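Only one structure is covered here, and it is reproduced in the block below.
In this note's numbering, the protein residues as written are 374 to 875.
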């Protein structure tokens with residue numbers, strides 16, 4: 374017996390050919406410049422950021438909690454600059470002169486000395502790793518700059534005391550959810566240090582010696598190799614760009630018996646220690662990295678790596694699988710990925726040091742499918758997406774995988790039709806109401822609204838102009854389809870067994 378479902382082709386809505394389905398494959402990212410002309414120098418304040426000149430930007434961050442402004446460590450210009458939501462760039466710290474001055478006054482009149490990275494908090498403060506000044510500096514919402522860590526001298530000192538009296542060499546900087554600051558205290562010190570909200574500094578990783586040692590033991594006893602990046606996830610886990618060891622290492626915030634992690638111990642998250650490029654699609658600890666620098670973490674706990682020597686941004690997901698998400702290893706896409714940030718929508722921002730730009734890459738998220746290298750929203754599809762191995766991740770509730778396409782069979786009873794010649798249990802009690810990738814699933818059991826490309830169609834009430842109407846059905850466990858070419862499909866065609874009217 375045939376079990377019917379009608380799918381409105383999106384040929385009219387998004388220009389697909391009759392049999393095309395938007396594949397849930399890895400989209401080629403859409404890369405745009407959000408700041409910088411590609412010519413080194415300083416210009417453009419008060420105007421469009423894409424018309425401004427930057428000079429070797431090292432760091433970039435997004436204030437996801439406060440208006441979504443982009444902050445740039447414009448390193449060789451000795452400034453921190455902001456790009457607002459209208460794309461206008463301004464200087465928010467630094468007068469362009471290299472040196473140290475200005476504490477207690479307005480940040481735009483202060484001197485910085487090759488700031489490396491910045492980070493923002495939810496109160497509108499931002500913090501600068503003022504590298505050659507050997508200080509961490511804070512700019513409050515009123516624009517006043519102060520030093521909160523570092524006494525300006527090279528070397529190591531000060532643990533368990535006030536951070537402003539300590540000797541530090543801050544290269545990378547991060548915040549946790551409680552407002553504590555973490556610095557990649559690099560080169561001289563080879564440590565990750567924490568500054569509490571009360572201003573006390575301690576070491577949380579690294580014993581000060583250069584090298585690789587200590588995995589699966591206490592992080593404070595481990596050896597690091599000139600760490601240059603640090604980030605903290607929502608659980609409090611600390612991730613470290615162990616740059617000269619070509620690894621990303623993690624300090625666990627909690628005991629995790631399933632993974633074999635213990636609180637305060639250090640583990641390798643990515644990289645086998647050999648400089649090079651390999652391993653995409655596999656376990657991250659088996660992959661090769663090449664001088665990783667900046668790090669970022671998204672809301673799902675995925676880690677993004679500025680893989681500097683490989684001219685790529687790579688992602689390690691929660692399963693520990695590594696993939697390149699931006700870059701192909703050539704200067705045509707990325708010059709030098711030295712800093713990385715992720716916004717709340719999944720956009721990836723890259724401080725492209727050698728090309729003097731801040732770039733943004735838009736890639737498909739778990740709720741998007743890829744069609745002709747563009748991201749197509751699958752409205753209401755949840756996380757039921759197909760992967761390249763024709764398996765749904767997570768296990769299907771409403772969708773089936775069919776040669777890189779998810780096909781839903783609403784009203785088909787307990788069995789789902791699959792092109793791999795077997796049926797699966799449908800877990801949706803009302804027969805399902807989610808759209809298929811590449812088309813709109815129609816069921817006449819209930820009124821359905823589905824949305825594609827900002828166009829809404831109400832089933833059995835609307836007339837819609839389409840080029841194709843595709844009927845999908847199960848026939849002895851096999852998925853079959855029939856395509857009708859037409860100019861207009863009336864509401865009568867949206868019932869089971871309906872046909873397309875000319």
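Ideal Cβ placement from N, Cα and C applies to all residues, glycine included. Model, not experiment: these values are computed from the prediction.
- The C-alpha of residue 602 is placed about 20 Å away from the C-alpha of residue 591.
- The three-state reading of DSSP puts residue 668 in strand, counting E and B together.
- DSSP places residue 642 inside the beta strand (DSSP E), whose first and last residues are 639-643.
- By the C-beta density criterion, residue 503 is buried, having at least 16 other C-beta atoms within 10 angstroms.
- In the DSSP annotation of this structure, the continuous segment of the beta strand (DSSP E) that includes residue 548 starts and ends at 543-548.
- Boundaries of the beta strand (DSSP E) around residue 466: 462-466.
- Sequence-distant Cβ neighbours of residue 563 in its own chain, meaning closer than 6 Å and more than five residues away, are 579, 581, 583, 597.
- 509 is the residue among 561, 560, 509 whose C-alpha sits nearest the C-alpha of residue 538.
- When the Cα atoms are used, residue 421 and residue 516 turn out to be separated by approximately 22 Å.
- As for any beta strand (DSSP E) of minimum length 3 sitting wholly inside the segment 528-605, the runs are 543-548, 554-558, 564-568, 574-578, 602-605, ordered along the chain.
- Using a C-beta cut-off of 8 Å, the segment 683-694 makes contact with the segment 653-673, since at least three inter-stretch Cβ pairs fall below that distance.
- Contact check between the segment 489-508 and the segment 433-447: three or more CB pairs, one atom from each, fall below 8 Å, which counts as touching.
- Cβ contact annotation for residue 706 (same chain, cutoff 8 Å, sequence separation greater than five): 404, 684, 699, 700, in chain order.
- With distances taken between CA atoms, residue 652 lies nearest to 694 out of 589, 487, 619, 694.
- In the structure shown, the three-state DSSP call for residue 424 is helix.
- Separation of residue 629 and residue 676 (C-alpha to C-alpha, rounded to the nearest whole angstrom) is 19 Å.
- Counting C-beta pairs closer than 8 Å gives fewer than three between the segment 454-461 and the segment 474-488, which falls short of the contact rule.
- Here the C-alpha atom of residue 530 lies approximately 7 Å from the C-alpha atom of residue 541.
- DSSP places residue 405 inside the beta strand (DSSP E), whose first and last residues are 403-408.
- In this structure, residue 679 places its C-beta atom within 7 Å of the C-beta atom of residue 710.
- When C-alpha distances from residue 402 are compared across 720, 729, 728, 726, the shortest belongs to 720.
- Pairing residue 431 with residue 724 gives a Cβ-Cβ distance under 7 Å.
- Burial check for residue 614: the Cβ neighbour count within 10 Å reaches 16 or more, so the residue is buried.
- Relative to residue 551, the option among 570, 534, 558, 557 whose CA is nearest is 570.
- Taking the CA atoms as reference points, residue 625 sits about 17 Å from residue 575.
- Within the model, the alpha-carbon separation for residue 729 versus residue 455 is close to 15 Å.
- Between the beta-carbon of residue 433 and that of residue 714 there is about 5 Å, and that keeps the pair under the 8 Å contact cut.
- Here residue 407 is buried, its C-beta having at least 16 other C-beta atoms within 10 Å.
- The alpha-carbon separation between residue 413 and residue 553 amounts to approximately 34 Å.
- The Cβ atoms of residue 480 and residue 512 sit closer than 7 Å to each other.
- The beta-carbon separation of residue 587 and residue 619, rounded to 16 Å, does not stay under the 8 Å limit for a contact.
- Counting other Cβ atoms within 10 Å of its Cβ, residue 608 stays below 16 and is therefore classed as exposed.
- Taking all protein chains shown into account, residue 514 has fewer than 16 neighbouring C-beta atoms within 10 Å of its C-beta and is therefore exposed.
- Residue 457 carries a coil assignment under DSSP once its states are collapsed to helix, strand and coil.
- Annotation for residue 616: 598, 599, 600, 601, 664, 665, 666 place their beta carbon closer than 7 Å to its own, counting only its chain and skipping 5 residues before and after.
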